[in-house]
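Residue numbers (my numbering): 34 to 139.
We treat Cβ as the ideally placed atom computed from N, Cα and C, and that holds for glycine.
What you are looking at is a predicted structure, and each value in this text was computed from that prediction instead of being measured.
Here is the structure we will look at.
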């Protein structure tokens, strides 16, 4: 898994608000952003998702949170991909991020 450094996030978490996340991974720069379509604090958010390098390739990300015993169940649904290669790349990225999150909060 690539090492990630220098993460910066600008977030306006409200319907119609924008977000931008930028970071470096092994000497490569990435920037993604979008607009929030739905915001229900501590429950669910849905947004447009587009990489700075391919802004015309918008997709949609929905994250839901639900109490689960002593923890929280996080469900991530990413859809409306440009093609199967984009879908597969995002699956690898989200899987890596969620693995890191699980280790961080354990």
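Whole-angstrom distance between residue j and residue i, CA atom to CA atom
i	j	result
residue 73	residue 81	16 Å
residue 101	residue 58	33 Å
residue 77	residue 110	11 Å
residue 67	residue 134	22 Å
residue 115	residue 85	15 Å
residue 139	residue 103	12 Å
Residues that DSSP places opposite residue i in a beta bridge
i	result
residue 100	105
residue 85	Answer is none; residue 85 lacks a bridge partner.
Cβ-Cβ distance between residue i and residue j below 8 Å
i	j	result
residue 54	residue 69	no
residue 46	residue 65	no
Three-state class that DSSP yields for residue i in the structure shown
i	result
residue 140	In the structure displayed, the chain extends from 34 to 139; residue 140 sits before or after that span and is not available.
residue 119	helix
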